[in-house]
Amino acid sequence: VEQLSLSFKNILHIENMNGFGKLLRLQLDNNIIENIKNLSHLVTLTWLDLSFNNITKIQGLEKLVNLTDLTLYSNKIELIEGLDQNVKLNVLSLGRNKIQHLENIMYLRQFKKLQVLHLEGNPVCKDQEYRYFVLAHMKNLKYLDYVLVEDASVTVAREHNQDALLEIEEREATEESAAIAAAQHDQALKLLMAAHIQCTDNMFELIFRDDNEMAKLKILPGFQELVDDYKDKVKDLVSGFQTIMLERNAERLHEVLQFENAIQEVIQETDSQSIVEFETFAAEKKRMLRTFRTCTQEEKERLIGALVGRLEDLRKMLTGLEMTLVERLEEATTDYEINVTDSVKFMLEKSNEHFRALEDLEKNYGLWLIEKAQFQLELFAQAQQSDDFPEELTTLLSDKDQLLNGCNSSHESHVSKILAMDDEVRDGLTHEVNSYFNKLKASQFDRNRQRIAEIFNL
447 VEQLSLSFKN ILHIENMNGF GKLLRLQLDN NIIENIKNLS HLVTLTWLDL
497 SFNNITKIQG LEKLVNLTDL TLYSNKIELI EGLDQNVKLN VLSLGRNKIQ
547 HLENIMYLRQ FKKLQVLHLE GNPVCKDQEY RYFVLAHMKN LKYLDYVLVE
597 DASVTVAREH NQDALLEIEE REATEESAAI AAAQHDQALK LLMAAHIQCT
647 DNMFELIFRD DNEMAKLKIL PGFQELVDDY KDKVKDLVSG FQTIMLERNA
697 ERLHEVLQFE NAIQEVIQET DSQSIVEFET FAAEKKRMLR TFRTCTQEEK
747 ERLIGALVGR LEDLRKMLTG LEMTLVERLE EATTDYEINV TDSVKFMLEK
797 SNEHFRALED LEKNYGLWLI EKAQFQLELF AQAQQSDDFP EELTTLLSDK
847 DQLLNGCNSS HESHVSKILA MDDEVRDGLT HEVNSYFNKL KASQFDRNRQ
897 RIAEIFNL
């Protein structure tokens, strides 16, 4: 059923809608419905009429993402809401409700495909600014309150709301840019995760995260310049590492796809041969059984013996095909496993090179940090008066052991983070490969056992 009309049925509660999962159009107008509910499973619905009811709140439509035409005409709705997921809306009728505020109409600005809007009969329509406001802010409308929207009217309306529109459009442009950037970042992060190097997305921040000494050490003169230099070097190092790893991982995933396609082709080839053999046997069996009733007892026994023998030959043939397939699959899997092992080995080597280089950067950072600290301690010791130094720096330099221990503690914290990320990349790569081949071999074993059982159950 694709269309269902339940108009004028004195319906109070929407219920008993199970079994209409493919419904496209639903009419529930001219009833006494108070709440929109029990429609969430009608995900294919494109047209919904709930006009002339007693609905007070727009709700329960979140799952109807394919809705293009919605009529809520003549209800008791005070607020336009609850439509965030219905982004495909093209026609919306909210006439003769209790909508009062122009600002609420701004909610509809998010619907880029909305071309037909009906609000006539609401208190808000009495506002002198109503039509100007709607035409200025709903730029894709073709019809408003059953009247064709003319370009000249839109131009006048936009000029009338120019200052407010400028601010809105600037904000929307900023939000759109941020959304695009976020989407691009999410896509990039997925690629990094596929290569098990997601830690490189914000590697420098991860290294310095939870460094409890930073609050004190940042007081040291020249400390921020040291950190910025470190950050730039990590950025360059990570960029090269990501390029190598993503390129090799893309090649690896392509090889996985080719391997799986080749495996399926081999299986389908064997299945096709098996089907031909079985259909040939079935045809012979049918031919024999056609003559069975008219045969003598001796002839029947001979036919049965021939049929049993032919069935045994079929089993041997199918078993032979299956064993050949198993050998081919094992050979292909072994060869592929060698290729994948080499590919992962390369990635692990590059990962090791990256993290050792990162350790070297951290080692140099630690040495430079100690040098800066010692230099400041010497200046502090030579100073005639502590007033020559800011109060916070004076407090820091007054305890030499605490300062140097803080430098060492910061360095050790960073090294620990680097080693943890190194382990994460290595474990991720090795676990994925081992898990993949374990599942593949288990799947091949299960398929083989099932096929052998089918053969002997013929």
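447 is the number of the first residue of the sequence shown in the working numbering; add one for each residue after it.
Every residue, glycine too, gets a C-beta built ideally from N, C-alpha and C.
These numbers come from a predicted model, not from an experiment.
Environment of residue i [buried if 16+ CB atoms lie within 10 Å]
i      : result
Thr646 : buried
Val392 : Residue 392 cannot be examined here, being either before or after the span of the chain that is shown, 447 to 904.
Met389 : Shown here, the chain extends from 447 to 904; a query on residue 389 therefore has no answer.
Ala819 : buried
Phe821 : exposed
Leu875 : buried
Asn648 : exposed
Leu699 : exposed
Asn477 : buried
Val595 : buried
Phe738 : exposed
Asn880 : exposed
Arg748 : exposed
Arg577 : buried
Phe557 : buried
Asn464 : exposed
Ile526 : buried
Val722 : exposed
Phe801 : buried
Gly852 : buried
Phe498 : buried
Glu745 : exposed
Ser520 : buried
Asn884 : exposed
Nearest-angstrom beta carbon gap, residue j and residue i [assumed within contact, 8 Å]
i      : j      : result
Glu805 : Ile898 : So it is not a contact: roughly 54 Å between Cβ atoms.
Leu692 : Leu637 : 6 Å
Val510 : Leu496 : Checking the sequence shown, residue 510 turns out to be Leu, not Val. Not quite, the Cβ-Cβ distance comes to about 12 Å (not below 8 Å), so this is no contact.
Lys522 : Ile504 : That belief does not hold up - the Cβ atoms of Lys522 and Ile504 are roughly 11 Å apart, past 8 Å.
Leu823 : Lys846 : 6 Å
Tyr676 : Tyr811 : 5 Å
Lys791 : Ile690 : That pair is no contact at about 14 Å.
Ala827 : Phe835 : Going by Cβ atoms, the distance from Ala827 to Phe835 rounds to 11 Å, so no, they are not a contact pair.
Leu535 : Lys559 : 6 Å
Glu701 : Asn785 : 6 Å
Same chain only: Cβ atoms within 8 Å of residue i, ignoring 5 sequence neighbours per side
i      : result
Ile460 : Leu474, Ile479, Asn481, Ile482, Lys483, Asn484, Leu485
Ile901 : Arg761, Leu764, Thr765, Glu768
Thr490 : Gly467, Lys468, Leu469, Leu470, Asn512
Arg756 : Phe727, Glu730, Lys731
Phe579 : Leu548, Ile551, Asp573, Ala603, Asn607
Phe669 : Leu663, Leu815, Lys818
Met660 : Phe654, Ser856
Ala752 : Met734
Lys887 : Thr779
Neighbourhood of residue i by C-beta, 7 Å cutoff - its chain only, sequence neighbours within 5 removed
i      : result
Ser720 : Leu764, Leu767
Phe466 : Val447, Leu450, Leu488
Ile665 : Glu838, Leu839, Leu842
Leu452 : Gln473, Leu474
Gln531 : Glu508, Val511
Leu894 : Here residue 894 is Asn; the residue named in the question, Leu, does not match the sequence. Correct list, in chain order: Glu768, Val772.
Phe454 : Asn476
Other residues of its chain near residue i: CB distance less than 6 Å, five sequence neighbours each side excluded
i      : result
Leu771 : Thr716
Gln546 : Pro569, Val570
Val562 : Val537, Tyr589
Arg774 : Val712
Ile906 : The question about residue 906 has no answer here: the residues shown for the chain are numbered 447 through 904.
Trp493 : Arg471, Asp515
Leu672 : Trp814
Cβ-heavy atom distance, residue i to the ligand COA, below 6 Å
i      : result
Lys681 : With respect to small molecules bound, the structure shown includes none, and the ligand COA cannot be examined in it.
Any chance the segment 576-591 sits against the segment 552-559, with 3 or more Cβ pairs inside 8 Å? Yes, they touch.
Specify whether the segment 859-875 and the segment 642-656 touch according to this definition: at least 3 beta carbon pairs, one from each stretch, less than 8 Å apart. The segment 859-875 makes contact with the segment 642-656; the number of CB pairs closer than 8 Å reaches 3 or more.
Taking contact to mean 3 or more Cβ pairs, one atom from each stretch, closer than 8 Å, check whether the segment 675-686 and the segment 765-783 are in contact. With a cut-off of 8 Å, the segment 765-783 and the segment 675-686 do not count as touching, because too few Cβ pairs lie within range.
Is the number of C-beta pairs between the segment 800-817 and the segment 844-857 that are closer than 8 Å three or more? Because the criterion of three Cβ pairs below 8 Å is met, the segment 800-817 and the segment 844-857 touch.
Between the segment 702-713 and the segment 729-739, do at least 3 Cβ pairs fall closer than 8 Å? Too few Cβ pairs lie closer than 8 Å, so no.
For the segment 577-659, list the beta strand (DSSP E) runs that are entirely contained and at least 3 residues long, ordered along the chain. For the segment 577-659, not a single whole beta strand (DSSP E) run of length 3 or above is found.
Unbroken alpha helix (DSSP H) runs of length 4 or more, entirely within the segment 485-564: which are they? For the segment 485-564, whole alpha helix (DSSP H) runs of length 4 or above, ordered along the chain, are 548-551.
Hey, is the segment 527-544 in contact with the segment 559-567, meaning 3+ C-beta pairs nearer than 8 Å? Here the segment 527-544 lies against the segment 559-567, with 3 or more beta-carbon pairs under 8 Å apart.
Could you name each continuous alpha helix (DSSP H) segment of 4 residues or more that falls completely within the segment 735-772, going from the start of the chain to the end? List check, alpha helix (DSSP H) in window: nothing returned.
Segments assigned beta strand (DSSP E), at least 3 residues, entirely inside the segment 812-867: For the segment 812-867, not a single whole beta strand (DSSP E) run of length 3 or above is found.
May I have a chain-ordered list of the alpha helix (DSSP H) segments no shorter than 4 residues that lie completely inside the segment 867-898? Taken in chain order, the segment 867-898 contains no complete alpha helix (DSSP H) segment of 4 residues or longer.
Which runs of the alpha helix (DSSP H) fall wholly inside the segment 684-744 and span at least 4 residues, in chain order? Fully enclosed alpha helix (DSSP H) runs of 4 or longer: not present.
Alpha helix (DSSP H) runs wholly inside the segment 447-482, at least 4 long, in chain order: Listed in chain order, there is nothing to give.
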